[in-house]
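0 is the number of the first residue of the sequence shown in numbering that gives the first Met the number 0; add one for each residue after it.
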Amino acid sequence: MTIVETYPTLAEAARAMGRDAAYMAGGTLLMRDVNEGAGPARLIRVSDPGLTRVQTTGDGVRLGAGVTMAGVLASRELEVLHPVARLIGGPQVRNMGTVAGNLFAAHPYGDFAAALLALGALVVLAGQGSARPVEDVLKARDSAGLVEAIEVPRPRDPRAFAFHKVSRVKPKGVSVLSIAVHLPREGGRIRDPRVVFGAMGPTPLRSSGAERALEGHALDTATIDRAAAAACEGLAPFTDQIATEWYRREVAGVHLRRLLTRMEQG
Ligand SMILES: Cc1cc2nc3c(=O)[nH]c(=O)nc-3n(C[C@H](O)[C@H](O)[C@H](O)COP(=O)(O)OP(=O)(O)OC[C@H]3O[C@@H](n4cnc5c(N)ncnc54)[C@H](O)[C@@H]3O)c2cc1C
C-alpha cells in the first residue's frame with residue numbers, strides 16, 4: 000500500500016523525504032509504478048501554488064518545478080520552448096507532466112530536459128541558495144534532491160534555438176531520438192554552441208563532437224557536414240523497444256544535418 004502525504008511547502012516535503020518515499024509531481028510516471036504495485040511506500044506531494052508559477056526575470060524566465068507542459072504552452076514568455084512542449088506525449092500527459100518531472104524521466108523520455116540543457120538552464124534545488132547547471136543535476140539525479148524551480152535564460156536570438164524529434168508514431172510517439180540545438184553567433188561565427196541529444200544515453204547528453212565542429216565557424220555546408228560526421232561523439236546510445244543502438248548511431252548524424260540545414264536556410 001502507498002500512503003500519500005501532502006505538505007504546504009517544498010522545504011517541509013524535503014524534510015519528510017526518506018528511502019521509502021518518492022516526491023510526486025504530475026504523477027504521469029510515478030502512478031504507473033504505483034498501479035503496477037511497484038510504487039514507493041510513501042508519496043510526498045506539495046500544495047504550494049508557487050510551484051506552478053512562471054515568472055519573467057531580468058535575463059530569462061523562472062519556471063516553478065510544478066509548471067506543466069500545458070503551462071509552458073500557455074506562456075508567451077516561453078514561446079521558444081513551445082515546439083518542444085507540443086511534442087511531449089498527448090494532451091493528458093501535457094496537462095499533468097511537469098518540467099521538473101521531465102528532468103527525472105528515464106530514456107527515451109526527457110525531450111524537454113534536452114531543450115533545457117541546450118539553452119543552458121539552471122536548476123534551483125530546495126534548501127540550496129544558488130542555482131546549479133541542469134547538466135550537473137542530470138548527471139547526479141539520484142542524489143539531486145527536490146527541484147524548486149528552473150531558470151531558463153532567454154536566447155538573444157530565438158532563431159538560434161531549434162528542436163527536432165524523431166518518433167515512429169506521429170504525433171505522440173516517444174523519441175527514437177531528439178535534438179536540441181542552441182547556436183549563438185557573433186559576427187556570423189558560432190560561439191559556445193550547445194548540441195544536445197535526447198534518447199541517446201541514460202540522460203540527455205551534449206554531442207562534444209558536433210559542438211567542436213561548429214565552434215568558431217559559420218553555419219555552412221562544410222561545417223554542417225563535419226558536425227553531422229561527429230554527432231555521436233559524447234553520446235551513449237542504447238537499444239530499447241523503440242530502436243537499436245546501431246540504428247540510433249546510424250541516424251543521429253542524418254537528423255542533425257537536417258536540423259542544421261534548416262537553421263542555415265533560416
Ligand atoms: C504516455 C506518456 C507519453 C510520454 N511522452 C513523452 C515524450 O514524448 N517526451 C518526453 O520527454 N516525455 C514524455 N513522457 C514523460 C513525461 O514528460 C513525464 O512523464 C513528465 O515530464 C514527468 O512529470 P511528472 O510531473 O508527471 O513526474 P512524476 O511522475 O510525478 O515523477 C517522475 C519522477 O520525477 C521526480 N520528480 C518530479 N518532480 C520533482 C521535483 N520537483 N524534484 C525532484 N524530483 C521530482 C519524481 O520523484 C519521479 O522520480 C511521457 C509520459 C507518458 C506517461
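Where a beta carbon is used, it is the ideal one built from N, C-alpha and C, also for glycine.
The beta carbon of T67 sits closer than 7 Å to the beta carbons of G25, R93, N94, M95, G96, T97 from its chain, once the five residues preceding and following it are set aside; these are given in chain order.
Cβ contact annotation for C231 (same chain, cutoff 6 Å, sequence separation greater than five): R248, A251, in chain order.
Note on G70: 16 or more other CB atoms within 10 angstroms of its CB, so buried under the neighbour-count rule. According to the DSSP assignment, K164 belongs to the beta strand (DSSP E) that extends over 160-166. By the criterion of a C-beta distance shorter than 7 Å, G233 is surrounded in its chain by L204, R205, S206, S207, G208, once the five residues flanking it on both sides are discounted.
For the 8 Å CB-CB criterion, P192 and L213 form a contact. Taken atom to atom, the span from the alpha-carbon of E35 to that of P201 is near 23 Å.
For a cut-off of 8 Å, the C-beta gap from V180 to A198 is around 15 Å, too long to register as a contact.
Inter-residue distance for D219 and M262 is about 10 Å (C-alpha atoms, whole angstroms). The Cβ atoms of M23 and L50 lie no closer than 8 Å to each other. Where A73 is concerned, the enclosing alpha helix (DSSP H) starts and stops at 68-73.
With fewer than 16 other beta carbons inside 10 angstroms of its own, T56 counts as exposed. DSSP, reduced to helix, strand and coil, places S46 outside both helices and strands of the structure shown, so it counts as coil. The beta carbon of S142 sits no closer than 7 Å to any heavy atom of ligand 1. DSSP places E249 inside the alpha helix (DSSP H), whose first and last residues are 244-263.
Closer than 7 Å to some heavy atom of ligand 1: that does not describe the Cβ of L80.
Taking every protein chain shown into account, the CB of T5 has fewer than 16 other CB atoms within 10 angstroms, so this residue is exposed.
By the Cβ test, the region 112-126 is in contact with the region 146-166, since at least three Cβ pairs between them sit closer than 8 Å. By alpha-carbon distance to R167, the top candidate from Q240, A226, T222 is Q240.
Taking the CA atoms as reference points, M16 sits about 20 Å from G63. By alpha-carbon distance to E185, the top candidate from A217, V194, E147 is A217.
When the alpha-carbon of K169 is set against those of T260, L86, V45, H81, the nearest one is in L86. Around the beta carbon of E244, fewer than 16 other beta carbons lie within 10 angstroms, which makes this residue exposed.
Between the beta-carbon of L259 and that of A226 there is about 6 Å, and that keeps the pair under the 8 Å contact cut.
Collapsing the DSSP output to three states places I178 in a strand. A distance criterion of 7 Å places the beta-carbon of F196 beyond contact range of ligand 1, judged by its closest non-hydrogen atom.
Exposed is the label assigned to G128, since fewer than 16 other Cβ atoms lie within 10 Å of its Cβ.
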